[in-house]
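Chemist: 5 is the number of the first residue of the sequence shown in the numbering used here; add one for each residue after it. Note that CB positions come from ideal geometry on N, CA and C, so glycine has one too.
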Amino acid sequence: MDNKFYGDFDRETLGGARKTDYRNAFQIDRDRIIHAHAFRKLQSKTQVFLSGEYDFYRTRLTHSMEVAQIGRSICHFLRTAKGPLRDDFFIDSDLVEAVCLAHDLGHPPFGHSGERTLQELMARWGGFEGNAQTLHLLTQTLYQDRSGVRGMQPTRALLDGVLKYKTLFGQFRAPPQNHFLYDTQRDVLGFVFGGKAQPRSLAPGERLNRFKSVECQIMDWADDAAYSLNDIVDGVKTGFLTVDRIQAWADEKVGDALGLRLLDELLDAIRTERLEGIFSARIGAFITACRLRERENFMARRTNRYRYELVVAPEAVRQSLFYKSLANDIIFESPQLQQMEHKARKILLDLWDSCWRNYVEPGPRVVRILPPAIGDLVDGARGRKAKARQICDWLAGLTDGMIVRTYRRLFDPEFGLIRDLS
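1) Could you tell me which uninterrupted alpha helix (DSSP H) segments, each at least 4 residues in length, are contained entirely in the segment 9 to 52, listed from first to last along the chain?
2) Would you list the one or two residues that DSSP bridges to V315?
3) According to the Cβ coordinates, are F132 and D404 closer than 8 Å?
4) Using a 10 Å radius around the Cβ and a threshold of 16 neighbouring Cβ atoms, would you call N455 buried or exposed?
5) With H, G and I counted as helix, E and B as strand and the rest as coil, what does DSSP make of L185?
6) Considering only their Cβ atoms, is the gap separating L353 from T171 smaller than 8 Å?
7) Using the three-state DSSP reduction, which class does T159 fall into: helix, strand or coil?
8) Suppose you measure from the CA of G259 to the CA of L266; what does that come to, to the nearest Å?
9) Quick one, which of G118, Q31, L374 and D380 has its alpha-carbon nearest N182's?
10) On the premise that T63 lies in contact with Q47, defined as a C-beta separation below 8 Å, what is that separation, rounded to the nearest angstrom?
11) Please list the terminal residues of the continuous beta strand (DSSP E) segment that includes G152.
12) DSSP three-state call for Q148: helix, strand or coil?
13) Looking only at DSSP bridge pairs, what is F93 linked to?
14) Excluding the 5 residues flanking D164 on each side, which residues of the same chain have their C-beta closer than 6 Å to its C-beta?
15) Excluding the 5 residues preceding and the 5 following R76 in the sequence, name in chain order all residues of the same chain whose CB lies nearer than 7 Å to its CB.
16) Where does P368 land, buried or exposed, given buried means 16+ other C-beta within 10 angstroms?
17) Classify Q340 as buried or exposed, calling it buried when 16 or more other Cβ atoms lie within 10 Å of its own Cβ.
18) Using the Cβ count rule (16 or more neighbours within 10 Å means buried), how would you classify A377?
19) DSSP puts T63 in a beta bridge; with which residues?
20) Once the 5 residues before and after A348 are set aside, which same chain residues still bring their CB inside 7 Å of it?
21) Please state whether DSSP places L374 in a helix, a strand or coil.
22) Quick check: the Cα distance between L399 and I407, rounded to an integer number of angstroms?
23) Check D6 in the structure and name its three-state DSSP category.
24) Could you tell me which residues DSSP puts in a beta bridge with L105?
25) When burial is assigned at 16 or more other CB atoms within 10 Å of the CB, is E70 buried or exposed?
26) Would you please state the rounded distance, in angstroms, between the beta carbons of Q189 and A136? I believe it to be under 8 Å.
27) Judging by CA-CA distance, which residue of K45, L262, A273 and G209 is the nearest neighbour of P180?
28) Would DSSP call L264 helix, strand or coil?
29) Could you tell me if S426 is buried or exposed, where buried requires 16 or more neighbouring beta carbons within 10 angstroms of its beta carbon?
30) With respect to the alpha helix (DSSP H) encompassing K389, which residues constitute its N-terminal and C-terminal limits?
31) Roughly how many angstroms separate the alpha carbons of M5 and D35, rounded to a whole number?
32) Can you tell me where the alpha helix (DSSP H) with S217 in it begins and where it stops?
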């Protein structure tokens, strides 16, 4: 039975038509992401704690898988709940799964620490943003081989689903720190909107960034649900979140009834070692807190992806914010995580400087430190801005382990064998 929620507009692919087979367009999107090299690299990229330091906590890969599961479950729940959906008119769970699996593809090594450092380095060359880098991969650089570098010909619905932000870097009055697209992605944004001009009511900035397709809203809430709860579980297991630290934080930050109730439940779950089971049930509650609401906007008549929006129960949102605040104040602001940020910044700054001095502003003695294929891309880029983007792409694509080994080969006299260079 055809799903009338989507039409040809949603399934159109960037870069021309794809070959058809036994799968529908969104299943092809999902499968191409799962089998992409960039997706496999997420297993060795930091979510919160440094990748590889311990075996039991989350990496970008396991986080993306959890987000995909929650996203699919939201689709199934909305289809069975009272509302506008029916057997021949529903939000495609394969599409939402693809969006969720792809949503962190562009994140660099060392998590948000790496993202902040790359943004610092790229501020004068068009910026760096994890979400914009995901779009960059899907449309331009996901596949790299002897024939060149290219994107995966994604559907419009997939591209729109990963677009958490829709304001270009150059549309801000002052250079932004995050939440933007690259200026070179203007044409992709135009494709997503089908060439329709945005109304004045959707001014660039926060208002335009909030204008998301329903699949993007599902991914966004699934992402919030996953990391707001799972960061707490990992924090407890690593010893960052102890009863004493949580109680001290609560004495200063928590005073409302909901916060006090969540605090008591959390402390009891830690003491009785039932945290994972209780938080698994809370994920289920976050899923069933969702419903759909019809809306009016300039895209609503063109696609059902903008005719409907996701609405999440306010209490579920407040619960998520409580856990995110707790994790930020105790985990992310801890000396251990700050030390990791310092290390990430040092590594990225030194590697960037070495690339810049040998490929962009070379002196009389040039050392070819980059892999040949990457070096050729930098050499072939025209102008400093384009060369900077190629270096940034290389650094962002490295895993935690790869970038540490590269750094040690270049700067540690006692590390590295010839065979490592292959």
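Modeler: Looking at the atomic coordinates:
1) 12 to 15, 29 to 38 and 41 to 44
2) R295
3) no
4) Nothing about residue 455 can be read from this structure; the chain reaches only from 5 to 426.
5) strand
6) no
7) strand
8) 11 Å
9) G118
10) 6 Å
11) G152 to R154
12) strand
13) R90
14) V196 and S217
15) S97, V100 and E101
16) exposed
17) exposed
18) exposed
19) T50
20) F114, S117, G118 and T121
21) coil
22) 8 Å
23) coil
24) L105 is not bridged to any residue.
25) buried
26) 7 Å
27) G209
28) helix
29) For S426, the predicted model reports a pLDDT of 48, less than 50, meaning its position is unreliable; a value from the coordinates is still stated below. Counting Cβ neighbours within 10 Å, S426 comes out exposed, since fewer than 16 surround it.
30) R388 to G401
31) 22 Å
32) Looking at the DSSP string, S217 is not in any alpha helix (DSSP H), and its letter there is neither H nor E.
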